[in-house]
Amino acid sequence: MYYIGVDLAWTYKNETGFCVLDDNLNCIFCDADIYSDSELIKMINLYEFKIVSVDAPLIVKNETGGRNCDSLLMKHAIHNRYLKLYATSRNYMLRTFKTIRGEELYRLLLKEGFVLGEDLTETYPTGIFLSLMPELFDNKYKLSSRLSLEVLLTHAREVLDVLVDLGVKNMPIELETIKTKKAYKHVEDQIDALLCAVHCYYFDKRESITFIGDDNGSISLPVL
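Residue numbers for the sequence shown follow the numbering used here, beginning at 1433 and rising by one.
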């Protein structure tokens, strides 16, 4: 089995993180680049017997407000903490990003025979981070945290160290050469894709939880 994580950019101008782990949690591929949807499908189809987890809303039927699956996740305590998610609606996504890219990729994956909840999940890297690394959750590795590059790199190393402890091997993410926050964004996308791939492993081999409020999407997270 291969475990594929996709940190999908919400526009076609930004980098998408893409990571592949094998059944022994060896990192086969991990990078971030500007990929088209068709390129992502081709990359996914390079691997037989796979589970794919995507960090992006795959189903958005509500015109306004938020999805029920998002609300359920935000009401669920994970290690005594609560997560916050954007209120995802069609109006917001189309107004802000001009597209709902997760839906576009989801349609293509459906054509390839993927089934949501079986070999395809929507996930949330911040939720994976909290679920698997509660002791690190205050040590943010995201650029949006407005921390210095030095601190961000320290926190990213901590995340990678825990992933090694969880059994992930041969991660090709290089932190020593990162000198700017622009370059660090590439690393952040790789880490998010890696977390999505690790979630696939928990979804398949260990334990996960899925939040489903109705037919308007679902979100899955690993359980430590």
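Every residue, glycine too, gets a C-beta built ideally from N, C-alpha and C.
Distance between beta carbons of residue j and residue i, contact taken as under 8 Å
i: N1477; j: E1582; result: Actually they do not touch by this definition, with Cβ atoms about 40 Å apart.
i: L1453; j: V1594; result: That belief does not hold up - the Cβ atoms of L1453 and V1594 are roughly 15 Å apart, past 8 Å.
Option in the options with minimal Cα separation from residue i
i: L1505; options: Y1479, D1465, I1560; result: I1560
i: I1473; options: L1440, Y1524, Y1634; result: L1440
i: Q1622; options: Y1444, I1460, Y1434, N1648; result: I1460
i: D1597; options: E1608, K1617, D1570, V1630; result: V1630
i: N1494; options: M1525, Y1435, K1507; result: M1525
i: L1541; options: I1532, L1552, T1531; result: L1552
i: D1502; options: D1636, A1519, P1604, N1446; result: A1519
i: M1603; options: K1445, Y1444, C1451; result: C1451
i: G1449; options: D1636, K1611, V1492, I1605; result: I1605
i: N1446; options: Y1435, D1455, S1468; result: S1468
i: L1575; options: I1641, L1517, K1613, F1635; result: K1613
i: F1643; options: D1455, S1652, L1656; result: S1652
i: L1592; options: D1646, T1609, Y1573, L1515; result: Y1573
i: I1610; options: K1507, S1580, C1628; result: S1580
i: I1641; options: P1566, T1531, H1508; result: H1508
i: L1517; options: G1498, P1566, D1455, K1530; result: G1498
i: T1531; options: F1635, Y1634, P1566, Y1444; result: Y1444
i: D1455; options: E1535, F1635, D1646, F1529; result: F1635
i: K1637; options: D1646, L1656, G1645; result: L1656
CB of residue i within 8 Å of CB of residue j, strictly
i: S1470; j: G1549; result: no
i: P1693; j: L1564; result: Here the chain covers residues 1433 to 1656 and nothing more, so residue 1693 does not appear.
i: V1619; j: L1537; result: no
i: L1568; j: L1585; result: no
i: N1571; j: E1554; result: no
i: I1466; j: M1433; result: no
i: C1462; j: A1588; result: no
i: N1648; j: N1523; result: no
i: L1562; j: I1510; result: yes
i: Y1479; j: C1632; result: no
i: R1527; j: W1442; result: no
Local Cβ density within 10 Å of residue i, reported as buried at 16 or more and exposed below that
i: F1481; result: exposed
i: S1577; result: exposed
i: G1437; result: buried
i: A1615; result: exposed
i: T1547; result: Residue 1547 is actually Val in this sequence, not Thr. The residue in question, V1547, is exposed, as its Cβ has fewer than 16 Cβ neighbours within 10 Å.
i: P1557; result: buried
i: E1639; result: exposed
i: L1457; result: buried
i: R1513; result: exposed
i: T1496; result: exposed
i: A1464; result: buried
i: S1521; result: buried
i: R1539; result: exposed
query: Along the chain, which unbroken stretches of the alpha helix (DSSP H) at least 4 residues long are found entirely within the stretch 1511-1568?
result: Segments of the alpha helix (DSSP H) lying fully in the stretch 1511-1568: 1522-1529, 1533-1543, 1557-1564.
- request: Within the stretch 1579-1649, note down every full beta strand (DSSP E) run reaching 3 residues or more, in order along the chain.
  value: Those beta strand (DSSP E) runs which fall completely within the stretch 1579-1649 and span 3+ residues are 1640-1643.
task: Kindly provide the ranges of any beta strand (DSSP E) runs that are 3 or more residues long and lie completely inside the stretch 1466-1508, ordered along the chain.
output: The stretch 1466-1508 contains these whole beta strand (DSSP E) runs: 1482-1486.
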